[in-house]
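What follows is a single structure, written as structure tokens, with notes after it.
Numbering (the numbering used here), first residue to last: 6 to 638.
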């Protein structure tokens, strides 16, 4: 292309003025400003050429005396590389489509490599530098974004050149960007134009060392602004794999990713850990307004992190290879960290596995304390909504606050094989709505329950527990209802279930029982304020499902004799006479009720308004905790 003076559309004026004629710095900046406006008109992502400081500092350095600026003439990347541009005191406006911009010869540089975007090396060794402010365009580096050309080299060059600056990925003109694995450096802002699609090649390495689409490895201070862009794979190209992730954030610090979609991977949408890192965990990671859909293994895997905020994100339709969950928090080693992890206002729906899974099997008493909170999160149409699994003796807390599970195949909230001396799980105001859609009331791990505490054969425990529920609800308003039990403790492998507490929890629409407490339970507390009552109009044997209730003889037409279950620690019953007939309470054989007159095997009253509360112990004794009127004959 013939070089043309950019200051006028009349080439003759260039000749009249003379090639050695210079213009003032002020006038040159004015010209550059006009050029910037022209460029901006071509794309919403083009930026006005920068101010006077950035124009010259990029070549001469800040604080130095600046010479007057010379003429600016049109050129191409090819002509600059060929060395045909002999006037080294000129500015050169590159006209290649998508790569437009102003370059200048840098006499002080003899070593920099040609990266197409910001540095061009001529055949004679001259270096031409692009004049720009703090933002770079990926198209400067020769990306094609046509869905056919592999843009890996161009995109990686752009990323490396943008370290310490901002890199903008313009929306493709047609199809999508096609690329192999990309590494994001430290100290960068990466922004995608709305509507951008970036797709991985079909040949990412699926054997160690694995390749991902985007790697943020041992990097610091990375911001990714998605503007709704989609990063994806051809999932069918990875039918037997679980390592082809979209985002792999490993050993990195201060990373914020916002408003981006990570879909259709052969592994995870997002992975946070320490794969191939010199560090053992990530630190201060934020995912905000992100989506992960139709990934093969997980929407998000969390392996090792200290400080993670996941806010307003959606994890949907994971399917392909286990665990197939929306989110899986699962360290690989005992030395990995799970601290200060927060999920706020997130959704996990339609995943083949769990909505949210926490698996702590690899942690032990020497591991750091676990600290995880789910707040205002929602699940729907998964196998289980929330599963807290396989904790041994690692310490810490997992809290679920104001979370909701809807239409899950099995339980809304499951707690499996967690040792009572380890992490405490606390559920506050959580709701399970219309769960057990599989209608399997005797399934050993769901048990037709909304909330369940039990074990699995793969992770046998001698005891499980340390679970607290506050103001939680199990609701079934279907006709007919499918939920058999609201809250269950279930023995599957001869384990003892201990230290499980239910405070003001309720279940409506159940077909079997509101609370199903296995006889192999101890230190299980059910409390209601005000206390719930249930009438017994005929004699029978009580079970632990009525622990915490006020039991009356309301509606009876004669004496009611009730047999207590085997005494266990913290099991409590209150008895109230409401009908003018005797209400007699008997112990199991070999057990007794402690009274002021000694240990006795039964108490009885027929006085309306008489009440007595009994608290079980593990030694076969029932203590009298409250007493109104005579019950001791």
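Just so you know, even glycine gets a beta-carbon here, dropped at the ideal spot from N, CA and C.
As the structure is a prediction and not an experimental result, all values here were calculated from the model.
When C-beta atoms of the stretch 562–578 are compared with those of the stretch 517–531, three or more pairs fall below 8 Å, so the two segments count as touching. Between the alpha carbons of residue 445 and residue 597 lies a distance of about 39 Å. With respect to residue 322, residue 360 sits apart: the two C-beta atoms are not nearer than 9 Å. Separation of residue 593 and residue 621 (C-alpha to C-alpha, rounded to the nearest whole angstrom) is 12 Å. If you ignore the 5 residues before and after residue 533, its C-beta comes within less than 7 Å of the C-beta of 509 and 553, all in its own chain and listed in chain order. Cβ atoms of residue 254 and residue 295 stay farther apart than 8 Å, at about 12 Å.
Secondary structure within the stretch 324–349: the beta strand (DSSP E) runs of 3 or more consecutive residues, fully enclosed, are 330–334 and 343–349 (chain order). As the crow flies, the alpha-carbon of residue 205 is around 19 Å from that of residue 190. Taking residue 132 as the centre and dropping the five residues before and after it, the same chain places the C-beta of 110, 111, 114, 115, 117, 124, 125 and 126 closer than 8 Å to its C-beta, in chain order. Taken through DSSP and simplified to helix, strand or coil, residue 189 comes out as coil. Around the beta carbon of residue 145, a 10 Å sphere encloses 16 or more other beta carbons of the protein chains shown; the residue is thus reported as buried. Taking C-beta separations shorter than 7 Å and ignoring five residues to either side along the sequence, the partners of residue 139 in its chain run 170 and 171, following chain order. Within the same chain, and ignoring the five residues on either side of residue 586 in sequence, the residues whose Cβ sits closer than 8 Å to its Cβ are 558, 561, 562, 563, 564, 565 and 611. Counting along the chain, the unbroken alpha helix (DSSP H) around residue 166 starts and ends at 157–166. Across the structure, residue 97 and residue 129 are spaced so that their CA atoms are roughly 17 Å apart. Straight through space, the alpha carbons of residue 94 and residue 77 are spaced by roughly 9 Å.
The three-state secondary structure of residue 82, taken from DSSP, is helix. The DSSP assignment places complete beta strand (DSSP E) segments of no fewer than 3 residues inside the stretch 526–593 at 526–532, 538–540, 555–557, 565–568, 577–581 and 588–591, in order along the chain. Secondary structure in the stretch 373–456: the beta strand (DSSP E) runs of 3 residues or longer, each lying completely within the stretch, are 375–380, 383–385, 391–394, 401–406, 409–411, 418–421, 429–433 and 436–438 in chain order. Residue pairing by DSSP places residue 288 opposite 258 and 311 in a beta bridge. Here the alpha carbons of residue 108 and residue 166 stand approximately 15 Å from one another. As the crow flies, the alpha-carbon of residue 513 is around 14 Å from that of residue 493. If you ignore the 5 residues before and after residue 584, its C-beta comes within less than 7 Å of the C-beta of 558, 559, 560 and 561, all in its own chain and listed in chain order. The criterion of a C-beta distance shorter than 9 Å is satisfied by residue 306 and residue 250. Note that the C-beta distance between residue 522 and residue 539 is not below 9 Å. For residue 327, the number of other beta carbons within 10 angstroms of its own is below 16, and it is reported as exposed. When the Cα atoms are used, residue 324 and residue 358 turn out to be separated by approximately 8 Å. In the three-state reduction of the DSSP assignment, residue 280 falls in the coil class, being assigned neither a helical nor a strand state. DSSP lists 470 and 527 as the bridge partner or partners of residue 503. Scanning 626, 619, 400 and 623 for the CA closest to the CA of residue 633 turns up 619. Apart from the 5 residues on each side of it in sequence, residue 347 sits with its Cβ closer than 6 Å to the Cβ of 314 and 378 in its chain, given in chain order.
Pairing residue 475 with residue 429 gives a Cβ-Cβ distance that is not under 9 Å. The three-state secondary structure of residue 322, taken from DSSP, is coil. Remark: C-beta atoms of residue 336 and residue 368 approach each other more closely than 9 Å. DSSP lists 258 as the beta-bridge partner residues of residue 225.
DSSP, reduced to helix, strand and coil, places residue 143 within a helical segment of the structure shown.
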